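> Numbers 0 to 211, taken from numbering that gives the first Met the number 0, label the letters of the sequence shown in order.
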Amino acid sequence: MTLLTSLRRLLTVATLGLGLVHAAHAADAGAPDQLIRQLSLETIEAVKADKEIQAGNINKIIALVDAKVMPHVNFQRMTASAVGRFWRQATPEQQTKLQAEFKTLLVRTYAGALTQVKDQTIGLKPLRAQPTDTEVVVRTEIRGKGDAIQLDYRLEKAGAEWKIYDVNVLGIWLADQYRNSFAQEIGANGIDGLIKSLADKNAKAGAPAAKG
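(1) What does the alpha-carbon distance come out to for the pair ALA159 and PRO31?
(2) Going by the beta-carbon positions, is the gap between PHE181 and LEU173 smaller than 7 Å?
(3) Are there 16 or more other CB atoms within 10 angstroms of the CB of ASP27, so buried, or fewer, so exposed?
(4) Which one of VAL135, LEU123, GLU134, GLN129 has the shortest CA to CA distance from GLN149?
(5) Distance, Cα to Cα, TYR177 vs GLY29?
(6) Is it true that the CB of TYR152 sits closer than 7 Å to the CB of VAL168?
(7) If contacts are defined as beta-carbon pairs under 8 Å, then ILE185 and PHE85 qualify, I think. What distance do you get, rounded to the angstrom?
(8) Rounded to a whole number of angstroms, what is the C-alpha to C-alpha distance between ALA89 and ARG76?
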């Protein structure tokens, strides 16, 4: 399995999680697990209500993901984590470009994964956190045919809001997966080389620039 195939699989499973969480019990509206639950339900309801999205209209799917999911993701932290130690070496302009291209790549991959939502269900595990915690892990399981799939989200509290900054599928954190390939690209062609590589991938895929 290639790295790209592996990353697509991770994002597909993560998308299934955000599209299929079952609200089993009430929770504080400001709690991180409640955010995952609410976001999941709103996303899948939007998919079910739009025939063009169900038919695979990628532009409409991207618009949905950008509107529903991306405001709840800390993309600067996610990008910095994926770029690793090289992030501090990047100029502010390079950081801005890296974030924009990485976001576009993830939005398109994430959007494409929505078309694979079927009859799976998701169970949220009890949240192990204190009221004063500002970083937590929300643990879930995808249940369908075969063994359950582990799916966890790292969230941080930014003011009064919780934002996702990493996703774990089957024990692999998404940022860690990208960090290895990004480091190889930077080692060979520098930070500008990584920016160009991401831009080329996005252009080849015909991806519109992600907002924000």
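C-beta: ideal position from N, C-alpha, C; glycine also.
Here the structure is a predicted model, which is why all the values come from computation and not from measurement.
To lay it out plainly:
(1) The straight-line gap from Cα to Cα measures roughly 11 Å.
(2) Their beta carbons are not under 7 Å apart, which means PHE181 does not touch LEU173 by this criterion.
(3) With a pLDDT of 45 at ASP27, under the threshold of 50, the modelled position of that residue is not reliable, and no figure is offered here.
(4) In terms of CA proximity to GLN149, LEU123 leads the group VAL135, LEU123, GLU134, GLN129.
(5) Between the alpha carbons of TYR177 and GLY29 lies a gap of roughly 30 Å.
(6) No. Outside cutoff.
(7) With a Cβ gap of about 5 Å, ILE185 and PHE85 count as contacting.
(8) Going by the C-alpha atoms only, they are around 14 Å apart.
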